[in-house]
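Inspection log for the structure reproduced underneath, given as structure tokens.
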Amino acid sequence: MDEQEEAVKSIECHDCVASQGGCKHAIAFLMWIHRRSEEPSCTSVECYWMKSKLSRAGSTLKYLTASEMSNAKPSLPSNTEVFEKFLEEGKKRRLNNCEVIKYQNDYVLTKQKVCLCIHWC
């Protein structure tokens, strides 16, 4: 990882059978890290330290309606920019062992050597 360039140079899953090609764990981890970096810190959320309205039910309030329990705003719309950049970079580098790229509409299967082993017990 190059922090000055803000770029991931390489990522590899060591605990997976498919780590030689086709492992989805590394990509999932990168996407998770990116999503977490976009969330506001817990201390910047408005009224973070206030008790929930539900905790007052039964003591100062007799009952709560569902609409009174939360003033939650809808979640942010899905942003596919990072995923699209990943696909673009993968195509530039001509990645052919990435499962995510294999499921894209414009993927072209290249000829690769396939090794099959049969073990008899």
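Residue numbers for the sequence shown follow my numbering, so the first one is 13 and each next one is one higher.
By construction, the Cβ of each residue, glycine as well, lies at the ideal position given by its N, Cα and C atoms.
* Asked: Quick one: any contact between the segment 41-51 and the segment 102-118, if contact means 3 or more CB pairs under 8 Å?
  -> no
* To do: Rounded to whole angstroms, what's the CA-CA distance from Phe-95 to Lys-36? Just pull it up for me.
  => To locate residue 95, count along the sequence shown from 1; it is residue 83. To locate residue 36, count along the sequence shown from 1; it is residue 24. Their Cα atoms are separated by approximately 14 Å.
* What are the boundary residues of the alpha helix (DSSP H) that Ala-40 is part of? -> Counting from one through the sequence shown, the residue named residue 40 turns up at place 28. Run containing Ala-40: 37-50, per the alpha helix (DSSP H) assignment.
* Do you know offhand how far Gln-116's Cα is from Glu-80's? -> Translated into the one-based positions of the sequence shown, residue 116 becomes position 104. Translated into the one-based positions of the sequence shown, residue 80 becomes position 68. Straight-line Cα distance between these residues: approximately 44 Å.
* Between which two residues does the alpha helix (DSSP H) carrying Glu-111 extend? -> Position 99 of the sequence shown, counting from 1, holds the residue named residue 111. Residues 111-114.
* **Collapsed DSSP secondary structure at Ala-78 in the structure displayed** => Residue numbering aside, residue 78 sits at position 66 when the sequence shown is read from its first letter. Residue state, collapsed to three classes: helix.
* Which value, in whole angstroms, describes the spacing of the CA atoms of Cys-40 and Gln-16? -> Numbered from 1 along the sequence shown, position 28 holds the residue referred to as residue 40. Numbered from 1 along the sequence shown, position 4 holds the residue referred to as residue 16. Residue 40 is actually Ala in this sequence, not Cys. Straight-line Cα distance between these residues: approximately 23 Å.
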